[in-house]
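Peer 1:
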Amino acid sequence: MSSTDGVSLRALLESGRLVRAVGAHNALGALLVEEAGLDAVWASSFEISAARCLPDAGLLTMTDYLQVAAQMQESCSIPVVADVDTGFGGPMNVAHMVRQYEREGITAVCIEDKVFPKMNSFVATDHTLVATKDFCHKVEVAKSVQRTSRFCVIARTEALIDGREVAEALDRCTRYAEAGADAVLVHSKSTSNEPILRFLAGWGGQVPVVIVPTTYPDWNAVDAHGAGVSMIIYANQSLRAAIRSVRETLRTIRDEGTSVAVEGRIAPISEIFELQRLDRWLAVER
Ligand code: SPV
Ligand code: MG
């Protein structure tokens with residue numbers, strides 16, 4: 007089942023409950039997010055690029071990202087929130103992107119206000135932003151071409167990533183909401199939640215606020231929700247967990263000459279059959 011049939015991000019945001027999304031880079035990762043009882047999958051540009059051993063620097067094409075997001079949405083029934091960077095270029099690229107993503111069953115995209123090609127927010131480099139009015143135009147274009155009312159556009163500001171003041175993040179997000187954004191994402195690389203708390207104190211509540219607490223992970227979800235956050239994205243923890251775990255397993259196999267020592271801590275084949283929904287496939291054959 008895809009989220010064309012299932013619950014949309016819009017419905018989750020409108021419920022007033024905290025929405026928790028977790029990053030993934032393929033269909034299996036998306037299914038694991040759903041299986042864990044989380045609300046949405048973040049089709050992370052960082053994870054999807056890393057899965058190709060490439061930096062998150064706008065190297066992959068829209069088609070590359072869309073293919074992964076669509077496969078994720080096919081594998082699970084919770085909404086996939088597609089991280090579409092800058093929208094892959096200018097307003098025309100944004101229009102094309104929204105049409106293609108919506109056609110593939112994606113119900114939410116997140117576009118950010120950096121210059122194309124962007125660089126991952128945690129890289130110590132330039133994070134130049136486009137002018138506020140130019141990004142508002144992208145948001146308006148995205149909203150004007152969507153075909154169904156359930157499609158959601160999250161407008162993300164990188165103002166704090168670019169070292170600008172909370173006041174600018176607030177001004178940008180206010181204008182993005184006025185341009186039609188269904189939610190705003192305020193990203194931060196601070197090791198404290200303090201800039202986000204100041205943002206929330208100044209936010210008028212026009213649309214829901216989304217955060218990505220990668221560098222301030224100690225802020226509990228319940229407390230963040232209480233402070234006015236509607237959605238939290240745990241953007242890359244699955245990938246980081248997988249890398250650590252696979253490395254440890256491979257080292258053990260290399261050093262011990264057998265896989266005996268890892269057998270108790272790796273998934274049995276039967277679990278993989280379940281994730282493949284093998285029973286259902288075999289029923290088709292019968
Ligand atoms: C991603 O996961 O690709 C994101 C979040 O956009 S960040 O890596 O923090 O930029
Ligand atoms: Mg990204």
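Per the numbering used here, the very first residue in the sequence shown carries number 7; after that it's consecutive.
Where a beta carbon is used, it is the ideal one built from N, C-alpha and C, also for glycine.
Jot down the residue ranges of each uninterrupted beta strand (DSSP E) in the stretch 16-79, minimum 3 residues, whole runs only, in chain order.
Peer 2: Whole beta strand (DSSP E) segments, 3+ residues: 25-30, 46-49.
Peer 1: Taking 6 Å as the cut-off, is the C-beta of Ser-244 nearer than that to any heavy atom in the ligand SPV?
Peer 2: Answer for Ser-244: no, Cβ out of range of the ligand SPV.
Peer 1: If you draw a straight line from the alpha carbon of Arg-253 to that of Val-266, how long is it in whole angstroms?
Peer 2: For Arg-253 and Val-266, the distance between alpha carbons rounds to 16 Å.
Peer 1: Kindly examine the ligand MG and report whether one of its heavy atoms sits closer than 6 Å to the Cβ of Asp-119.
Peer 2: Incorrect: Asp-119 has no Cβ contact closer than 6 Å to the ligand MG.
Peer 1: Could you tell me how far apart the beta carbons of Ala-114 and Cys-142 are, in whole angstroms, since I believe they sit closer than 8 Å?
Peer 2: 19 Å between Cβ atoms; not a contact.
Peer 1: Closer than 8 Å is the cut-off here; do at least three beta carbon pairs connect the stretch 24-33 with the stretch 96-110?
Peer 2: Contact fails: fewer than three Cβ-Cβ distances are below 8 Å.
Peer 1: Any heavy atom of the ligand SPV within a distance shorter than 6 Å of the CB on Gly-64?
Peer 2: No; taking the cut-off as 6 Å, the Cβ of Gly-64 has no heavy atom of the ligand SPV nearer than that.
Peer 1: Please state the DSSP three-state secondary structure of Ala-161.
Peer 2: Strand, per DSSP.
Peer 1: Would you mind working out which of Val-216, Val-268, Leu-256 sits nearest Arg-16, comparing C-alpha positions?
Peer 2: It is Val-216.
Peer 1: Report the partner residues of Arg-240 according to the DSSP bridge assignment.
Peer 2: Reading off the sequence, residue 240 comes out as Tyr, not Arg. In the DSSP output, where bridge partners are listed per residue, Tyr-240 has Val-28.
Peer 1: So, with DSSP's three-state summary, where would you put Ala-187?
Peer 2: Three-state result, Ala-187: coil.
Peer 1: Considering only their Cβ atoms, is the gap separating Ala-187 from Ala-175 smaller than 7 Å?
Peer 2: The answer is no: Cβ separation not under 7 Å.
Peer 1: According to DSSP, is Asp-91 part of a helix, a strand, or is it coil?
Peer 2: In this structure, Asp-91 counts as coil in the three-state DSSP scheme.
Peer 1: Roughly how many whole angstroms lie between the Cα atoms of Ile-239 and Arg-283?
Peer 2: Approximately 27 Å between the Cα atoms of the pair.
Peer 1: Mapping DSSP to helix, strand and coil, what is Ile-202?
Peer 2: Helix.
Peer 1: Within a Cβ cutoff of 8 Å, which residues of the same chain sit near Leu-65, ignoring the five residues on either side of it in sequence?
Peer 2: For Leu-65, where only same-chain residues beyond five positions count, the Cβ hits under 8 Å are Ser-55, Pro-123.
Peer 1: Only counting the same chain, and skipping five residues up and downstream in sequence, which positions put a Cβ closer than 6 Å to that of Thr-258?
Peer 2: Correct list, in chain order: Ala-267, Val-268.
Peer 1: For Arg-292 and Trp-225, I'd like the C-alpha separation in whole angstroms.
Peer 2: So the two alpha carbons sit approximately 51 Å from each other.
Peer 1: What residue does the alpha helix (DSSP H) around Glu-118 start on, and which one ends it?
Peer 2: That residue, Glu-118, is in no alpha helix (DSSP H); its beta strand (DSSP E) goes 114-118.
Peer 1: Whole angstroms are fine: how far does the CA of Leu-38 sit from the CA of Met-78?
Peer 2: When rounded, the distance between both Cα atoms is 11 Å.
Peer 1: Using 10 angstroms around the beta-carbon of Leu-288, count the other beta-carbons present and answer buried if the total reaches 16, otherwise exposed.
Peer 2: So Leu-288 counts as exposed.
Peer 1: What distance in whole Å lies between the Cβ atoms of Pro-219 and Ala-189, which are believed to be in contact at a cut-off of 8 Å?
Peer 2: Ala-189 to Pro-219, Cβ: 16 Å. No contact.
Peer 1: Examine the Cβ distances between the stretch 228-236 and the stretch 205-214 and report whether three or more of them are shorter than 8 Å.
Peer 2: With the cut-off at 8 Å, the stretch 228-236 and the stretch 205-214 touch.
Peer 1: Does DSSP put Leu-135 in a helix, a strand or coil?
Peer 2: Note: Leu-135 maps to strand in three-state DSSP.
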